[in-house]
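Residue numbers (my numbering): 14 to 413. To keep things clear, I will list the structure first and then write my remarks on it.
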Ligand SMILES: [Zn+2]
Ligand SMILES: [Zn+2]
């Protein structure tokens, strides 16, 4: 179990870790600049290095996520706003990489009625520009993906469905530096009812067949002030909203979800997540785990493993597609491709071990099969590699 929370460090980085400790969070999410202003915060290199070291050595806070600035709108038709947004995302990502963060969570923006199809290309270009132009992750540290957050669905927001998010990732050629963050409140508001075991299974089947389970890096764990399908972004404290603890339990207790960072963005008393909110979240996860680890869980587990298999097979198909594609693209992409492969290997390693671990915990016998499928996917991927690259350490890598 890994219950995290959005915290404030008063504009400083290392104190954010202590803000997490104070409420019992084992992961944190922070803004790296004021979320409603364009002006980037400047951090000296030694401040960023101090953060990397403090996080890696921290006894209880395992991961840091950054939330991108709210003003960003990559779907805007206004050229000036679009360019400002790309610059801001690039700056956010530079800081997050320098902090060795596990991801930058992003609200893509709104096309304001122009239609999703109209904005796919410009969003894909924005992602690629930010990923290529941001200052690189310091040597020896795992890379930091952009995590696309699902939207509640109001006013032409992009990312209102998993299919939209998958389309954006596909438009970037399946770039491994893109991932997914599911917000439980936004998902509820967009009309997805995961409040039963079968509802959760349907959702995770959807994730597997669209974005891919292995791209799901974290969840935002929030109850909702809005009813199912209400299309508005309004978070409630756990147990005080329309989803309720029993509605959240099937999702957060699922074997594929229960070990992911579950980041609270609840209002608390008005100042954000409190210790009691973290405790409430722990109870919900425990309730959910009991749903699956009870006597009749074997059927479910089988389903989970099948979902994981579908994903890896799909990955493998995607990879061969990518290989074909890369043959027809220009050589100028070579450098990028090398980088992406390196990252993808690191990412893959984490994901694979995660899936396998989950399967093991669930006492299934199909692990070897998954492993084999995954290996096949990896092998296909390797064709993309321009030069052999080293697999970098996955978690909390120390400096070389
Ligand atoms: Zn969120
Ligand atoms: Zn929200």
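All C-beta atoms, glycine included, are put in the ideal place defined by N, C-alpha and C.
Pairwise C-alpha distance: residue j and residue i
i	j	result
residue 50	residue 84	7 Å
residue 33	residue 281	14 Å
residue 153	residue 29	23 Å
residue 170	residue 201	15 Å
residue 107	residue 260	37 Å
residue 225	residue 24	35 Å
residue 21	residue 286	10 Å
residue 52	residue 43	16 Å
residue 69	residue 138	33 Å
residue 144	residue 103	7 Å
residue 291	residue 67	22 Å
residue 238	residue 148	39 Å
residue 168	residue 125	6 Å
residue 375	residue 297	Interpretation of residue 375 is limited by its pLDDT of 40, a score under 50 that renders its predicted location unreliable; no figure is taken from the coordinates.
residue 17	residue 277	6 Å
residue 275	residue 174	20 Å
residue 243	residue 87	24 Å
residue 117	residue 80	5 Å
residue 76	residue 230	11 Å
residue 129	residue 241	23 Å
residue 121	residue 94	13 Å
residue 304	residue 35	30 Å
residue 105	residue 82	8 Å
residue 136	residue 91	13 Å
residue 192	residue 307	32 Å
residue 235	residue 301	15 Å
residue 166	residue 257	21 Å
residue 279	residue 188	31 Å
Per DSSP, the bridge partner or partners of residue i
i	result
residue 119	161
residue 18	41, 277
residue 237	248
residue 285	281
residue 170	123
Span of the beta strand (DSSP E), counted from its first residue to its last, around residue i
i	result
residue 133	It is not in any beta strand (DSSP E) - residue 133 instead sits in the alpha helix (DSSP H) that spans 129-146.
residue 232	229-234
residue 76	76-80
Enclosing alpha helix (DSSP H) for residue i [first to last residue]
i	result
residue 193	Careful: residue 193 lies outside any alpha helix (DSSP H), inside the beta strand (DSSP E) at 191-196.
residue 214	210-222
residue 182	175-184
residue 64	58-69
Three-state secondary structure assigned by DSSP to residue i
i	result
residue 106	helix
residue 249	strand
residue 341	Note that residue 341 scores a pLDDT of 36, beneath 50, so its modelled location is shaky; the value from the coordinates is reported in the next line. Of the three classes helix, strand and coil, the one that applies to residue 341 here is helix, per DSSP.
residue 300	helix
residue 98	helix
residue 29	helix
residue 257	helix
residue 352	Low local confidence applies: a pLDDT of 40 at residue 352 is under 50, so the model's placement there is unreliable, with the coordinate-based value given in what follows. The answer is helix: DSSP assigns residue 352 an H, G or I state.
residue 199	helix
residue 36	helix
residue 155	coil
residue 83	coil
residue 49	coil
residue 291	helix
residue 93	helix
residue 263	helix
residue 207	coil
residue 111	helix
residue 310	Confidence is the limiting factor: at residue 310 the pLDDT is only 43, short of 50, which leaves the residue's position unreliable, though a coordinate-based value still follows. DSSP places residue 310 in coil when its eight states are reduced to three.
Are at least three pairs of beta-carbons, each pair with one atom in the segment 55-69 and one in the segment 108-118, less than 8 Å apart?
-> yes
Does the segment 142-160 come close enough to the segment 195-215 to have 3 or more Cβ pairs within less than 8 Å?
-> no
Decide if the segment 244-252 is in contact with the segment 207-215; the criterion is three or more beta carbon pairs, one per stretch, under 8 Å apart.
-> no
Touch test, the segment 177-191 against the segment 253-267, Cβ-Cβ under 8 Å, three pairs minimum | no
Within the chosen definition, does the segment 87-98 reach the segment 62-73 through at least 3 CB pairs nearer than 8 Å?
-> no
Under 6 Å from any heavy atom of ligand 3, by CB: list those residues in chain order, please.
-> As for ligand 3, it is missing from this structure, which binds only ligand 1 and ligand 2.
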